[in-house]
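**Student:** Shown below is the structure under consideration.
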Amino acid sequence: MCGRYTLRTELKLLAELYGFQPISLPWTPRYNIAPTQLVAAVRLSADASSRELDMLRWGLAPSWAKEIPKGRPMINARADTVAEKPTFRAAFKRRRCLILADGFYEWHQDEETKEPYYIRMRDERPFAMAGLWEHWDKGPQPLESATIITTAPNELMAKFHHRMPVILDPDLADVWLDPGIEEPEELLPLLKPYPEEQMEAYVVSARVNHVKDDSPQCIEPWKDGKAERTFDW
Numbered sequence: 001m002c003g004r005y006t007l008r009t010e011l012k013l014l015a016e017l018y019g020f021q022p023i024s025l026p027w028t029p030r031y032n033i034a035p036t037q038l039v040a041a042v043r044l045s046a047d048a049s050s051r052e053l054d055m056l057r058w059g060l061a062p063s064w065a066k067e068i069p070k071g072r073p074m075i076n077a078r079a080d081t082v083a084e085k086p087t088f089r090a091a092f093k094r095r096r097c098l099i100l101a102d103g104f105y106e107w108h109q110d111e112e113t114k115e116p117y118y119i120r121m122r123d124e125r126p127f128a129m130a131g132l133w134e135h136w137d138k139g140p141q142p143l144e145s146a147t148i149i150t151t152a153p154n155e156l157m158a159k160f161h162h163r164m165p166v167i168l169d170p171d172l173a174d175v176w177l178d179p180g181i182e183e184p185e186e187l188l189p190l191l192k193p194y195p196e197e198q199m200e201a202y203v204v205s206a207r208v209n210h211v212k213d214d215s216p217q218c219i220e221p222w223k224d225g226k227a228e229r230t231f232d233w
């Protein structure tokens, strides 16, 4: 799954990479983005003539729901059921987006310890995760929300979890946002594990466990006094 991630990249570079006009809102580097917080999502404008960057709540609220779902927010959607599950089916056809990131966290657990690891691209470039968005207006305050699609893990990610976020290179991101494509047969092949040779992971401190800690120290390599422990297969 994907439950915490970062977005430190400058807005200007993201705009150049993903083809949207920079927003006028203040842009602050994020080191510990958590469920129910606002996430940066690229989607098409209402007339599909351009791309826009919008801040959406992380945790999907289906447009048809009578109220915003209570309990654990729907931060992830499985690639193997997203085209069929009623919660996601309509958004999968017509409301796809890119969730921008430059790294994310997963926890490695054994019999004695549970340690957080920071996972990023080897060249530290930003990337886009496949997402869905919804507009909910059944209450006094409308809500725009998003979820991240997950798929089977690559060899690196299998060390941590049985799922990983779908990461789309720019050419596949173009297909993902194409409003003329709605058929699962064309979209589902995009939702595959990202090549593990382009990714790396290293252990970080337990600071990331605390959702209020959004400091740069969250991604600093952690040393236990002996040696830095790094996953780099």
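Quick note on the UniProt record's numbering: the sequence shown kicks off at 1 and runs consecutively. Beta carbons: idealized from backbone N, C-alpha and C, even for Gly.
Buried or exposed, going by whether 16 or more other CB atoms sit within 10 Å of the CB of R122?
**Tutor:** Within 10 angstroms of the beta-carbon of R122 lie fewer than 16 other beta-carbons, which makes it exposed.
**Student:** By a C-beta neighbour count over all protein chains shown, 10 Å radius and 16 as the cutoff for buried, is L13 buried or exposed?
**Tutor:** The C-beta of L13 has fewer than 16 other C-beta atoms within 10 Å across all chains shown, which makes the residue exposed.
**Student:** Looking only at its chain, what residues have a beta carbon closer than 8 Å to the beta carbon of P153, apart from the 5 residues adjacent to it on each side?
**Tutor:** F160, H161, H162, R163, M164 and P193
**Student:** Could you check which residue in S49, M157 and R57 has the C-alpha nearest to that of Y117?
**Tutor:** M157
**Student:** Would A201 be called buried (16 or more neighbouring beta carbons within 10 Å of its own) or exposed?
**Tutor:** buried
**Student:** What's the gap between the Cα of P184 and the Cα of E112?
**Tutor:** 43 Å
**Student:** Tell me whether P62 sits in a helix, a strand or coil according to DSSP, three-state version.
**Tutor:** coil
**Student:** By DSSP, does D102 sit in helix, in strand, or in coil?
**Tutor:** Annotated three-state conformation of D102 is coil, per DSSP.
**Student:** Measure from the alpha carbon of L187 to the alpha carbon of each residue in L177, N209 and F20, then state which is nearest.
**Tutor:** L177
**Student:** Kindly give me the distance between the Cβ atoms of A101 and L190, rounded to whole angstroms, as I take these residues to be in contact under 8 Å.
**Tutor:** The Cβ separation is near 17 Å, so there is no contact.
**Student:** Taking the DSSP output, what are the residues bridged to L132?
**Tutor:** R96 and T147
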